[in-house]
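Undergrad:
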Amino acid sequence: MKAEIGLDLIKAKNILESGDLVGIPTETVYGLAANALDPLAVSKIFEAKNRPKFDPLIVHLSEIEQFDLYSKNFPKELFIIAEKFCPGPITFLVEKKSIIPDLTTSGLEKVALRIPNHPLTLELLKSLDFPLAAPSANPFGYVSPTSAQHVFDQLGEKIPYILDGGSSKVGLESTIIGMENEELVIYRKGGLAIEDLQSVFSGEIRIKDHSSSNPQAPGMLSKHYSPNKRMELWDKTDQFREFGNKKIGFLGFSKKLEGIENQFILSEKEDLNEAAFRLFEGLRYLDKLPIEKIYIELVPEKGLGIAINDRLRRSVAKS
Ligand code: TXA
Ligand code: MG
-8 MKAEIGLDLI KAKNILESGD LVGIPTETVY GLAANALDPL AVSKIFEAKN
42 RPKFDPLIVH LSEIEQFDLY SKNFPKELFI IAEKFCPGPI TFLVEKKSII
92 PDLTTSGLEK VALRIPNHPL TLELLKSLDF PLAAPSANPF GYVSPTSAQH
142 VFDQLGEKIP YILDGGSSKV GLESTIIGME NEELVIYRKG GLAIEDLQSV
192 FSGEIRIKDH SSSNPQAPGM LSKHYSPNKR MELWDKTDQF REFGNKKIGF
242 LGFSKKLEGI ENQFILSEKE DLNEAAFRLF EGLRYLDKLP IEKIYIELVP
292 EKGLGIAIND RLRRSVAKS
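FYI, in this note's numbering the residues of the sequence shown are -8 to 310.
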């Protein structure tokens, strides 16, 4: 099989209705979608991604009125946040209804619901009478795709169709939140900044730092979002030992380093939104070069910088 890339919503709809997979654009990253209510279709996602079955999938909807079809007791605090930021880069972890198959949530009692902000995918979702389960459309553990071509490069042999919605505008996966007791809990830092949540939620916000000790959410495993090359954080006092021999690359925030040929700068104007948008592209670019090691500079720890640094640290972490 070789995936076709195109803009044909009817074709995408037909393939999904027949229980097969379609690559879909979202504002965060591209997803690998299947009928979330059909366990057989969902199992094809795990197969194509080489993803462990204990890693649950996000269920994508087209409007907030649908939350109650798939979840119970949707917390009112989360609903207020949803009204403000949906469609957008935010996912809600809430109690699931039994219509959601166990495979979709890996047997967990909660389901992750999200309304992606992309016109093509919203139109597709509205045309279907089921929601779409979709993880990021990359092989398990690798960098997430932000264009149809990225999806094609990595999963093109395994899926029939990729809907081309251009480059993902946010470039970082959605922020995942839920309520525990009275607290708002952030399970994954992502494309919606914590500051934005604070602007509408006045209570306690807690960040749950997941790690390998919590296999329930491997997206939070310490080594994830990872290029194949060796990676190291760049400590500004470091002198590169390999300096000059062209075997290293550098992923920097706003300024190039002198004397290194292979560099990717995230945002010359120090704009964290632009840096998020370019992050995965940069990691892919450097990963393809004939170099041995990639040095990485962290970005300012605020706004989307918090999620960017989270991804950078995970991509460096050795399992
Ligand atoms: O921006 C996004 O969220 C993208 C686009 C395609 O929507 N999707 C995405 O999916 O990043 P994925 O599968 O790569 O990451 C979803 C994360 C995983 O770490 C998964 O473990 C966690 O969400 N997750 C999903 N459902 C869950 C559940 N029921 N309980 C706990 N964690 C859950
Ligand atoms: Mg992922």
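From the three backbone atoms N, C-alpha and C, an ideal C-beta is built for every residue, glycine too.
Source: prediction; values computed, not measured.
By Cβ distance below 8 Å, which residues in the same chain neighbour Q145 in space, the five residues on each side in sequence not counted?
TA: A128, N129, P130, Y133 and P136
Undergrad: Using only the alpha-carbon positions, how far apart do K180 and I297 sit?
TA: 7 Å
Undergrad: From the DSSP output, which residues share a beta bridge with S158?
TA: According to DSSP, S158 bridges with nothing at all.
Undergrad: Compute the Euclidean distance between the alpha carbons of P151 and N5, then round it to the nearest angstrom.
TA: 11 Å
Undergrad: Leaving out five residues before and five after N90 in sequence, what residues of the same chain have Cβ atoms less than 7 Å from its Cβ?
TA: Sequence check: residue 90 is Ile here, not Asn. Hits under 7 Å: L28 and Y61.
Undergrad: Residues in the same chain with beta-carbon distance under 8 Å from N300, minus the five sequence neighbours each way, listed in chain order, please.
TA: Cβ neighbours of N300 beyond the five flanking positions: L289, V290 and E292.
Undergrad: Quick one: residues in its chain with C-beta nearer than 7 Å to the C-beta of K88, no 5 flanking neighbours on either side, listed in chain order?
TA: Y61, S62 and K63
Undergrad: Tell me whether P130, by its Cβ, gets closer than 6 Å to a heavy atom of the ligand TXA.
TA: Flag unset: Cβ of P130 not near the ligand TXA.
Undergrad: Any heavy atom of the ligand TXA closer than 6 Å to the beta-carbon of I49?
TA: yes
Undergrad: I285: which of N264, L263, A266 and E223 sits nearest, CA to CA?
TA: Of the candidates N264, L263, A266 and E223, the residue whose Cα lies closest to the Cα of I285 is E223.
Undergrad: At the level of alpha carbons, what is the spacing between K238 and L303?
TA: Going by C-alpha positions, K238 is about 20 Å away from L303.
Undergrad: Whose CA, out of A103, L12, I256 and L7, lies closest to the CA of I334?
TA: Absent from the model: residue 334. The displayed extent of the chain is -8 to 310, so no value can be given.
Undergrad: Going by C-alpha distance, which of E272, E8 and I49 is nearest V142?
TA: E272
Undergrad: Pick out whichever of L99, L175 and S97 has its Cα sitting closest to the Cα of P66.
TA: When only C-alpha atoms are compared, the closest one is L175.
Undergrad: Less than 6 Å between the CB of P107 and some heavy atom of the ligand MG, yes or no?
TA: no
Undergrad: Between which two residues does the alpha helix (DSSP H) harbouring T19 extend?
TA: Run containing T19: none; DSSP gives neither H nor E here.
Undergrad: With hydrogens ignored, establish whether the beta-carbon of L99 is closer than 6 Å to any heavy atom of the ligand TXA.
TA: yes
Undergrad: The ligand TXA heavy atoms versus the CB of T17: any closer than 6 Å?
TA: Judged by the Cβ position, T17 qualifies as a neighbour of the ligand TXA at the 6 Å threshold, a heavy atom of the ligand being closer than this.
Undergrad: Excluding five sequence neighbours on each side, which residues of the same chain lie with their C-beta closer than 6 Å to the C-beta of S165?
TA: T19, P80, I81, T82, R105, G181 and G182
Undergrad: Roughly how many angstroms separate the alpha carbons of N41 and K35, rounded to a whole number?
TA: 10 Å
Undergrad: Where does V134 sit, in a helix, a strand or coil, going by DSSP?
TA: coil
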